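Trainee:
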Amino acid sequence: MVNISLESMVKYPLFNLGWFLSIGLATTGSVSLLASRLETSSSPKVLPISTAQASPSNSLMDDGTYLYGQSSEPNRIGQQYLVFKIHQGKLVGAFYMPRSEFSCFYGTLKPQKMDLTVVAPYEDATHPYAIALEEKSPVAAAGGQPPRSLGLQGYERIQPLSENDKRILNTCLSEHKQEVWN
1343 MVNISLESMV
1353 KYPLFNLGWF
1363 LSIGLATTGS
1373 VSLLASRLET
1383 SSSPKVLPIS
1393 TAQASPSNSL
1403 MDDGTYLYGQ
1413 SSEPNRIGQQ
1423 YLVFKIHQGK
1433 LVGAFYMPRS
1443 EFSCFYGTLK
1453 PQKMDLTVVA
1463 PYEDATHPYA
1473 IALEEKSPVA
1483 AAGGQPPRSL
1493 GLQGYERIQP
1503 LSENDKRILN
1513 TCLSEHKQEV
1523 WN
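With the sequence shown counted from 1, adding 1342 to any position gets you this note's numbering.
Structure (structure tokens):
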């Protein structure tokens, strides 16, 4: 049995999120992978921003539903995924690994990152987290100007959403849309 002191729980709240998330992942051998994605301090983690120049745009990412994964293939064991819905710059979604539990999050889109609040699944606690936005290679478009295409650094966009992705997202939407969309 692991002994975790109260002091370490207060000092390292995201470690606790990783600990609770890893309980469901222990049987898949993916604990270290997920734990490596979590920060062990109380300040938000911001992944490095790409050096691509941002072009002017009315919105960072269009309203809609998105699925991203560490792998471009859906449902790969040991890979982390996030599914979320954006509406007017605010979002609700979940981090998950196939055949495991998930953690809901909510937050806002900022010019260079997604600022998130991750809800710990087995405790009454939330933890700050951030993911950098990066400009993806543009595809030629009519009018000479390539469209701005943003993605999440460290993740690949996946389409379409599976029924399980929709189920996870709907669970988080029903639990947390009030915090975001009043």
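Positions of the beta carbon are idealized from the N, C-alpha and C atoms, including for glycine.
These numbers were taken from a predicted model, which means no experiment stands behind them.
Cβ of A1472 within 8 Å of Cβ of L1458?
Mentor: yes
Trainee: Taking all protein chains shown into account, do 16 or more other C-beta atoms lie within 10 angstroms of the C-beta of Q1422, making it buried, or fewer, making it exposed?
Mentor: With 16 or more other Cβ atoms within 10 Å, it is buried.
Trainee: Give the straight-line distance between the Cα atoms of N1524 and L1409, rounded to the nearest whole angstrom.
Mentor: 24 Å
Trainee: So the alpha helix (DSSP H) K1508 belongs to, where does it begin and stop?
Mentor: 1505-1523
Trainee: Do you know how far the Cα of M1456 is from the Cα of I1391?
Mentor: Annotation note: pLDDT 37 at I1391 (below 50); position unreliable, no value reported.
Trainee: With K1432 as the anchor, note down where its beta strand (DSSP E) starts and where it stops.
Mentor: 1432-1438
Trainee: Mind checking H1429: buried by the 16 CB within 10 Å criterion, or exposed?
Mentor: exposed
Trainee: What separation, rounded to the nearest whole angstrom, lies between the Cα atoms of E1517 and L1511?
Mentor: Their backbone Cα atoms lie some 10 Å apart in a straight line.
Trainee: Taking Cβ to Cβ, would you say L1402 is nearer than 8 Å to L1475?
Mentor: yes
Trainee: With a CB to CB cut of under 6 Å and the five nearest residues on each side skipped, what residues in its chain are close to T1407?
Mentor: Same-chain partners within the cutoff: K1427.
Trainee: Does DSSP classify G1529 as helix, strand or coil?
Mentor: This structure cannot speak to residue 1529, because the chain is shown only from 1343 to 1524.
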